[in-house]
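In the working numbering, the protein residues as written are 17 to 101. We put the CB at the ideal spot given by N, CA and C, even for glycine.
#1: Which whole-angstrom value is the C-beta distance of residue 25 and residue 36, which I expect to be below 8 Å?
#2: With a cut-off of 8 Å on the beta carbons, I'd call residue 46 and residue 28 a contact; round off their distance for me.
#3: State yes or no: is the C-beta of residue 76 nearer than 7 Å to some heavy atom of the ligand COA?
#4: What are the boundary residues of the alpha helix (DSSP H) that includes residue 21?
#5: Please state if the CB of residue 90 and the CB of residue 79 are separated by a distance shorter than 8 Å.
#6: With DSSP collapsed to three states, give me the class of residue 59.
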């Protein structure tokens, strides 16, 4: 399928051409590969980022609960975990 893009600044086209040349590809080959990879990986990255955020928030809550539990235990058993020996 073909797509036309109009109105790109000359500097952007020159940058695309430079990157394509450095990879030994035509402008079209470079853009096809770039677009296919970035659209695919952008979705995957968002999915991973969402899972990471969920796990981070879950772990933060667990750490907060553990800290409260440890402080309560130390208080009930007259322990000072900040005390140097």
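Let me lay it out:
#1: Taking 8 Å as the upper bound for CB-CB distance, residue 25 and residue 36 are not in contact here, some 17 Å apart.
#2: Not a contact, Cβ separation roughly 13 Å.
#3: Ligands displayed in this structure: none; no statement on the ligand COA is therefore possible.
#4: Where residue 21 is concerned, there is no enclosing alpha helix (DSSP H), given that its DSSP letter is neither H nor E.
#5: no
#6: The answer is helix: DSSP assigns residue 59 an H, G or I state.
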